[in-house]
Structures are given as structure tokens and as C-alpha cells.
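Residue numbers (the numbering used here): 52 to 712.
Ideal Cβ placement from N, Cα and C applies to all residues, glycine included.
Please read all numbers here as calculations on a predicted model, not as lab measurements.
The block underneath contains the structure these notes are about, expressed in C-alpha cells.
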Ligand code: ARG
């Protein structure tokens, strides 16, 4: 049930007499923010009066429209307010009939979109060979909830995890295995051992990079010092009017200097940490070209070197096992996991096609696509013959168009890759891949309490697994503490407690992530995330559990309630009932808004609003002790429908519920 669409249809019929752009005017229907103005408001009379331009003012146009509107079955007689707003209040009979219709419907009354064109969703897509970290949450969780929501609306969905399984990380573990690895240790516990090798080599690579960056960092300090002196001279020479601006410029250069000094200090610290490390120190001296050597290992792999290829074939399944463990815990699954390696054999064809089409040309030995809208070209083959991320993405795009019949392809990837996708989409246009909507569903960064990208104390990114463990543990403290547990009959066994903690903890992380508009950064705060009060998943899950409890106390199941409603009918006696039912009928709108903006936060907001409307209902309306059978069955029906909606909504965010907590 999409109430605005229903209203729009009626407006279209009335409007078509006046204009051939009826749809455009009918679209101007919004939910009101103040119930004084009804439930919905049509704002089309003002622009329509302007368009008609026949001397009638907007209020007259509004009454003319109202006279032609056939809304009797849906609304009370419309009211015209202010300059010509048309206020619409849904009839109680409409709300109760609709509630009765959708009661017990698994789709919560939501219309199925009919189309055979798919939506391809490229999400999660980590670079494997290193464990997943906090940076992988967003793509994974946003992509999954889009897949679930759009799939539920009826779009055929193809989910594809575009693994980075062919890049430098493999050069790193291959190098690590060859120099520091041990066949037996790797065989015994491959995942841990490969992660360890990755860490060692990566640290040594970073060490070499830090050493090489020293001259540049020192130069940056000199430049910044120079800038400070110049800015200070400017202050001396500035007249009183320019003083303020000149002083500001000094502060800016001083900040730049501080930044440059901090960069040097951090590089020096990195170097000295390794120097002093009894294991890494000597290794760093011995492997002083490791930064370029790992690149050579990757290049050899790409050239088909037998040894590297067989190591890659041996390591990759273990890397996949590791990430699959995370996906299972998060209850996230993919239709396809076509990593970068899958496209390797297609890259030569892609570049020659680009050449044939006259899109790519040689530039200093590299093959480049020059795009009028961009300063820098898109490089598709380097001087040394290596292909790039962009080349793979072009091959991937072509493959998806041929295989999946998509109307849309969504790339759920960090905002920092915007330029890459802007270029990719621009090239795609010239490549003749037009007939599909390509969207970079970008997102911001997860920040620590200090407002900086979230890192461990040693400066590495926080592992996803430890983050999940922390959340589960914290959830357990909040929900399964002895005081709360003492209230449960039958008592809660350890197993149930653990299950609840897992559902609440993981749900908390997903919900918090999805609650922010995806493009903004957010601060990670576990305490707030797992709280039972506030805008949290636990709050919504707790509402759900309360509804379960009411139904249990009333000793009825969903079917019993439907039967009661058939027998006694539905009747509102308190405004909180009406408000909650109206809110329940806005579910479909919320889901379409998720699609419109590719933004699951619309669904999060909807669920929070629903849980709050439920709380007001719960505070004001006795269910079991209701005054009459009709009131009781009405309230039971509301509880059943609300419970269903919250569970479904959470499920579309990838979040589970528990029947008591
Ligand atoms: N593996 C990439 C990364 O971790 C993300 C891939 C996103 N998908 C794509 N088709 N480019 O940065």
C-alpha cells in the first residue's frame, strides 16, 4: 500500500481536465508534518494557477480541483488552507479496512514491482589476503540492505562481491611465504599464518616507503618554514585593513608547518619502531628493496609465472574461507563472487576494443583514454604492460551487461573512489554501454571517538572480527545482566543469552551504520550503539519483543487475531491507534525512498518512528484489559501488524529479532 501513489492517481484523474502534465502536479503530494493539516497535503494548486494563468487564484483552482476529486472512499472531505494547500485526512474506515486486508500478509501489503530487468549490486568487495577491518563494514552492510530491500520490492537482484584477489596483497604474501614462510606452519593454520606473513611484509614495505619519503618530508618542512616567514613579512607590511587577513594567513602556514613536522615525526617513529624491533629490525636491513620486490612478485603472477600462480591457487581458498567466516556471522551472502582475477583473461580484448574505437591512445608507452571532462586520462595499460583497476572495471561492466540484463548497476564503494567511478562511467558512455543506469553508491568514513579514521593504538585499522566480538560482549552486558535476567520465566539459559547478545550486538553495528546518511562520516561509539534507549536497533528489537509478550499474554497467535477481527471488526477509540496504523501504512513509501536515494537510512528512520508510535500506543492503550471485544481485537491487530512490520523492516536491514530480551 503506497498511500501517496493512491492519492496521486485520484489527483491525476482530476487534473487531466486542466493540464496535460497531470503527473507532474499530482506528484506534489506530501505527508504533512503537523497533524492539524491532515495526513497528506497536495501543493499543486499554486503552481497550477500560475500555469493556467486565467485569472483564477490558487484557492479558486484548489476548490475547482477538490470539486472534481473522487476521494470519498479514502479521505474526509478535503480542506483548502492558506494560499491553496489541499489538506487530506484519511478516513478511519479506509485505515481499518486496509489494516484488515494486510493483516497476516507476509509482504505487509507491499505491492510487488514487476520487471525482468535486474539490479546488479557490487558490494563488500574487499582486497583479500589480509583480514577484513572496520573499513569494510560500510560497503558490506549498505550493499546487503539495498539488495534485501530492492529484492523485496520485487526487482530481480544480482549481488556480486568484486573481490580484490589479484592485486599487490598477493605479491605481499607470496614474497612473505618465499622469504619468511614455512610450509608446515602454513599448512597447519593457513589463515593465521598468511595474515601474519602479510603483516610482516607490509610493515617492511611501509618501512622502506618511510625511509624513501624522508627527503620529501624534510623538504616539505623547509617549504612550510619559508611560507611562514613570508606570511610574517606580509603581516609587517600589511595596512590596518589587511592585518586580519594577513594574520590568518600566518596561522594557516603555521598549521601547515605543524602538519609537515607531524608527518616527518610519524615517519621517523615508524622507522625507529622497526629498527628497534628484534625480529623486524635485522629483516628490514636485509630486505631493503622489498617495496619494489613485492610489486615484481605481483607482476610475475600476472605474467603467469608457474610458482607464483600455484602459490596463489593455494592461498586464495584460505583467504576466501576467512572472509566467508565473517559473511556467515553477518548473515550476508552473494550470488556471485567474481573477483578481479576472473577478468584477467578479458583485459587484452578490452584494451584493443578501446583502441579500435579510437578511444584509447598511446601516451609515453602507456595506453590512455583521454576524456574531455577530466584533466588526467584514464590509464588502461601501463608502460610495463600491466593492466589497472580501471581496465578490470571496464571488463567487469561489459561482462555484467552481457550476463545479467541489468537496468541498474550499483557500486557500493568508498567516496574516495569517486574519481575512478566518474571516469569509468564517462568511458562507459563512449564505449557504447549506455542502456543502463550506473550509480556509485558512495559512503563516508567510520571515525573513532577522536573524530579521526578509526585505528588501533598501533595505528593499524581495527579488525572486523574483534569489532564484532566487542559489540556482542557489550550487548551481553546491557541485555543479559543479572538484574534484567532475574525477570524472565522460564529463566534464560546461557545458550539463549549468547544468541540474544549476538543478535543485538551485530544488529547494533549494522543499524548504527545504516542510520547515518551514507555519504556522511560517523563516529563509532559502541555504548550508544547497543543502548536499549535512543535511536538504536536494540530499541526497535525490544519493541518487537514487547509485542510478542503481549500476544503471548493474550494467548493468541496471528491467525487467532485475524479471526477475532473478522468476528468483532475494527474500531479506533484512541488517537494513538490511528496514528500507529497510519504509520504502518507508510512502510512501502519508506522502501521506495531507500531505492530513490540508494539510502537505507530512510528505512532506519521509518522503523524508529514506528517504534516510537508504538510506544505511545502502548502507554495509552490497554490491549488485554480493553473495554470491549472490538477494541481488544483492534488493538491486537495493531500489535500483530506492527510486530510484522518491524521484523520485516529489520530483516531488510539484515538485522534479526528475538522473541524475548
Ligand atoms: N576492491 C576494491 C577496494 O577494496 C573495491 C572494489 C569495488 N568494486 C569495483 N567494481 N571497483 O578498494
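Beta-bridge partners of residue i, as assigned by DSSP
i           : result
residue 438 : 432
residue 95  : Answer is none; residue 95 lacks a bridge partner.
residue 471 : For residue 471, which the question treats as bridged, DSSP gives no partner whatsoever.
residue 462 : 173 and 491
residue 215 : 178
residue 413 : 418
residue 126 : 141
residue 506 : 512
residue 498 : 504 and 574
residue 184 : 514
Residue i - DSSP class collapsed to helix/strand/coil
i           : result
residue 729 : The first residue shown for the chain is 52 and the last is 712, placing residue 729 beyond what the model contains.
residue 387 : strand
residue 512 : strand
residue 200 : helix
residue 427 : coil
residue 649 : coil
residue 120 : coil
residue 210 : strand
residue 266 : helix
residue 134 : coil
residue 368 : helix
residue 457 : strand
residue 710 : coil
residue 277 : helix
residue 237 : helix
residue 340 : coil
residue 622 : coil
residue 232 : coil
residue 244 : helix
residue 114 : helix
residue 674 : coil
residue 541 : coil
residue 582 : coil
residue 194 : helix
residue 525 : helix
Expected contact under 8 angstroms - CB spacing of residue i and residue j to nearest Å
i           : j           : result
residue 175 : residue 565 : Incorrect: roughly 15 angstroms between the Cβ atoms, too far for contact.
residue 162 : residue 459 : About 19 angstroms separates the two Cβ atoms, so there is no contact after all.
residue 374 : residue 183 : 6 angstroms
residue 252 : residue 358 : So it is not a contact: roughly 17 angstroms between Cβ atoms.
residue 98  : residue 117 : Not quite, the Cβ-Cβ distance comes to about 16 angstroms (not below 8 angstroms), so this is no contact.
residue 304 : residue 279 : 5 angstroms
residue 568 : residue 650 : 6 angstroms
residue 456 : residue 168 : 6 angstroms
residue 24  : residue 498 : Nothing in the structure corresponds to residue 24, since the chain is present only between 52 and 712.
residue 715 : residue 204 : Any answer about residue 715 is impossible in this case: the structure gives the chain only from 52 up to 712.
Residue range of the unbroken alpha helix (DSSP H) whose run includes residue i
i           : result
residue 488 : That residue, residue 488, is in no alpha helix (DSSP H); its beta strand (DSSP E) goes 488 to 494.
residue 614 : 609 to 619
residue 77  : 73 to 77
residue 562 : 545 to 566
residue 52  : Looking at the DSSP string, residue 52 is not in any alpha helix (DSSP H), and its letter there is neither H nor E.
residue 690 : 680 to 703
residue 536 : 533 to 536
residue 592 : 588 to 604
residue 324 : 294 to 327
residue 729 : Residue 729 is absent from the structure shown; the chain starts at 52 and stops at 712.
Residue environment, residue i, which counts as buried when at least 16 other CB atoms sit within 10 Å
i           : result
residue 173 : buried
residue 191 : buried
residue 267 : exposed
residue 82  : exposed
residue 474 : buried
residue 391 : buried
residue 222 : buried
residue 376 : exposed
residue 755 : Residue 755 is absent from the model: the chain starts at 52 and stops at 712.
residue 92  : buried
residue 284 : exposed
residue 164 : exposed
residue 113 : buried
residue 679 : exposed
residue 594 : buried
residue 525 : buried
residue 265 : exposed
Extent of the continuous beta strand (DSSP E) run through residue i
i           : result
residue 81  : 80 to 82
residue 626 : From DSSP, residue 626 is part of no beta strand (DSSP E) but of the alpha helix (DSSP H) over 626 to 635.
Residue i CB to nearest heavy atom of the ligand HEM below 6 angstroms
i           : result
residue 178 : Annotation note on the ligand HEM: not contained in the displayed structure, which lists the ligand ARG as its ligands.
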